[in-house]
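Number of protein chains: 2
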Amino acid sequence: MGLRERKKTATRRALQEAALELFLERGLENVTVEEIAAEADVSARTFFNYFASKEEAVLGDLPVRPDEPVRQEFASGGPSGDFVEDLITMLTSFLVNTEDLVSHRRRMRMRKELMEREPQLARGFFGRFHTVELEVAAVIAERWGDPPEENRSFVVAAAAMAVMRQTMKRLHFEEGEQVADVRAKLREAFQNLGEAFGPVR
Amino acid sequence: MGLRERKKTATRRALQEAALELFLERGLENVTVEEIAAEADVSARTFFNYFASKEEAVLGDLPVRPDEPVRQEFASGGPSGDFVEDLITMLTSFLVNTEDLVSHRRRMRMRKELMEREPQLARGFFGRFHTVELEVAAVIAERWGDPPEENRSFVVAAAAMAVMRQTMKRLHFEEGEQVADVRAKLREAFQNLGEAFGPVR
DNA sequence: ACGATTGTTGCATGCTCTGCAAGCTTTCTC
DNA sequence: GAGAAAGCTTGCAGAGCATGCAACAATCGT
């Protein structure tokens, strides 16, 4: 990884951190792009080279989407063969390969608090699930051998992402929180769905 | 209904219609608030007395939320006693008491087309479900006798709204489309959920 | 070390959105 | 009905967001 690339990710980080900190301190509306840029020691114009808007600086890389090999494995019926179990595996795949867990968790906590305080951000976060939802629908359809436009894959994907979102909202991103705990919560949530909408009520 | 109030709703309508038409014609980015206002024969400043942004003019009154008496009836276990059936009743309640169905459907079709063309609007629409979701979670918890913060009511509400959203996306808002058809589609979608996550797979 | 590539910055500009105060229209009251 | 009260519309001023462009600076490839 060259110097150039390292500098870029550093600037990106600095801008995100500055934005989060200032927003938490003074509220979204009372912080200008210029102030964020100043805090990160770049020009205001540079801010817009990294993020298209203030909101982007907070939500930029959310939600994390499962990457190609994981999706591929799910689509072809793996890894366990059990639908719900494999869905959980796919949805939590990003939780394991995060190298810098500490700063990651810190930022997640800040984002969470900010989103609870600023409804505009909560809606924005919510809206971003749309893209991922479509991808998940596609792999579910593939796994089931359905045509890509089949309604049930979209419905189930939408519900799965809803569960994921709801569960993430309840996470605290603390040190003690293990991936296994998250999986258990998802399992329980999916079971709730089964009980509410399944044949046995 | 006095003259003043009639004029207000007329202006609101005019602005919405003007916005939708111009956006469809030229795309969201290529229409200014001034143009919309001119088309509706009011000043640009007046536009902002009605809508906080261009996006609001398109999505302003979406999604429609079930009103108090309907929520109340659902919360207390009615009207049929069957959870899924009553959920469907609640979620489709707004479809019946729409007096001016024609212009309503027309606008819905325009919105739908616009949202398919402008991803920004689709995300915004998606994000707006958040508010309704919280209300639905509250009445589900009440119906089940759960404490208001119980996780399963949020999970189930999230899934229910996801199903609703997904189903609305598939509607065509044509004359022939009856409320009964919509209910049937919702029923099928909830059944898909039950099959995917229920005990029998 | 040299040119090519990529990133940063200032400048100009258009548009969004808000607050404010003046003027107009509708409503209320007698 | 006339006059006061309430509510809307409008123009104006101004802060801030966001983008294109061109010059300049830093890195990279060889």
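Chains as they are written, first to last, in my numbering: chain A, 1 to 201; chain U, 1 to 201. Even glycine gets a Cβ: it sits at the ideal position worked out from N, Cα and C.
Contained alpha helix (DSSP H) runs [length at least 4] in the segment 97-180 of chain U, N- to C-terminal order: 101-117, 119-144, 151-170
DSSP-derived helix/strand/coil call for ARG65/U: coil
For SER93/U, three-class secondary structure by DSSP: helix
Inter-stretch contact at 8 Å, needing at least 3 Cβ pairs: the segment 121-130 of chain U / the segment 114-129 of chain A: yes
Candidates ALA180/U, ARG107/U, ARG170/U, of which the one nearest ASN151/A by Cα: ARG170/U
Inter-residue spacing [alpha-carbon to alpha-carbon] between PRO230/A and LYS7/A: Examination of residue 230/A is not possible in this model, given that chain A is present from 1 through 201 alone.
Contact check, GLU162/A vs ALA158/U, beta carbons under 7 Å: The question names Glu, but residue 162/A is Ala in the sequence shown. It is a contact, given that the beta carbons lie within the stated cut-off.
Own chain partners of ASP86/A with C-beta closer than 6 Å, once the 5 adjacent residues on each side are dropped: PHE74, SER80
C-beta contact flag for LEU114/U and PHE48/U at 7 Å: no
Burial state of GLU99/A (16 or more Cβ within 10 Å): Caution applies to GLU99/A, whose pLDDT of 49 falls short of 50 and renders its modelled position unreliable; the model cannot decide the point.
Proximity test, Cβ basis, 7 Å: ARG117/A and chain U: no
Cα-Cα separation between GLU25/U and ASP41/A, rounded to whole angstroms: 43 Å
C-alpha distance - VAL58/U paired with ALA52/U, whole-angstrom precision: 11 Å
Members of the segment 158-182 of chain U that neighbour chain A once the beta carbon cut-off is set at 9 Å: ALA158, ALA159, ALA160, MET161, ALA162, VAL163, ARG165, GLN166, THR167, LYS169, ARG170
Interface residues of chain U facing ARG128/A [CB-CB closer than 8 Å]: ARG123
Span of the alpha helix (DSSP H) around ALA18/A: 3-26
Residues from the segment 130-158 of chain A in contact with chain U, defined by Cβ distance under 7 Å: HIS130, ASN151, ARG152, PHE154, VAL155, VAL156, ALA158
Straight-line Cα distance separating VAL132/U from ALA44/A: 37 Å
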